[in-house]
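Using numbering that gives the first Met the number 0, the letters of the sequence shown correspond one by one to residues 0 to 126.
Where a beta carbon is used, it is the ideal one built from N, C-alpha and C, also for glycine.
Note that the structure is predicted; figures quoted are calculated from it, not measured.
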Amino acid sequence: MATPQVQTVNTTADKAKLAGTAVMVILSLVAYYALSKQGPLFQWLGLLVCLAIAVVVFLTSESGKALTAFGQDAVREMKKVVWPARREAIQMTLYVFGFVFVMALFLWLTDKTLEWVFYDLILGWKK
């Protein structure tokens, strides 16, 4: 079993970038409510501009670069997946639905049989 590697933020500049990101997110909410008298256009503009700045600052940090690399690796792995053809996907879906139906019927019959054995035969509690 592989040991997970925990990465921590070590540099002061990286900590400052993450703190700046948090401040910009909070500032975006403050700007949204502070600009309520100017109308919804300025409210949303202030919110989106501050959030865009927060995203840019985050992506320049080590955590942001790691997130970007993870996303690129995920896309690369998704391109390697061999997806089933439409007919095969429909066929497998029908198999799953059929199995679920058979299991539901089996469990319902088992439940009703046990109910009959316990309540009617053993305990004598007629409904």
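Unbroken alpha helix (DSSP H) run spanning residue i, endpoints
i	result
Ser27	11-33
Ser62	61-79
Assigned secondary structure, residue i (DSSP; H/G/I helix, E/B strand, else coil)
i	result
Leu106	helix
Ala84	coil
Gly97	helix
Leu122	coil
Gln90	helix
Gly38	coil
Residue i beta carbon near the ligand SAM (any heavy atom closer than 8 Å)
i	result
Thr112	This structure does not include the ligand SAM; it has no bound ligands of any sort.
Reference residue i; option with closest CA among the options
i	options	result
Leu46	Met91, Leu34, Asp13, Met102	Leu34
Lys14	Ala51, Phe105, Ser62	Ser62
Ala12	Phe41, Thr112, Val56	Val56
Met23	Met77, Tyr31, Ile52	Ile52
Gly19	Val54, Val101, Lys64, Leu93	Val54
Val48	Ala65, Ile25, Gly70	Ile25
CB-CB length for residue i against residue j, believed under 8 Å
i	j	result
Lys16	Thr59	6 Å
Leu44	Ser27	Rounded, the Cβ-Cβ distance is 11 Å, inconsistent with contact.
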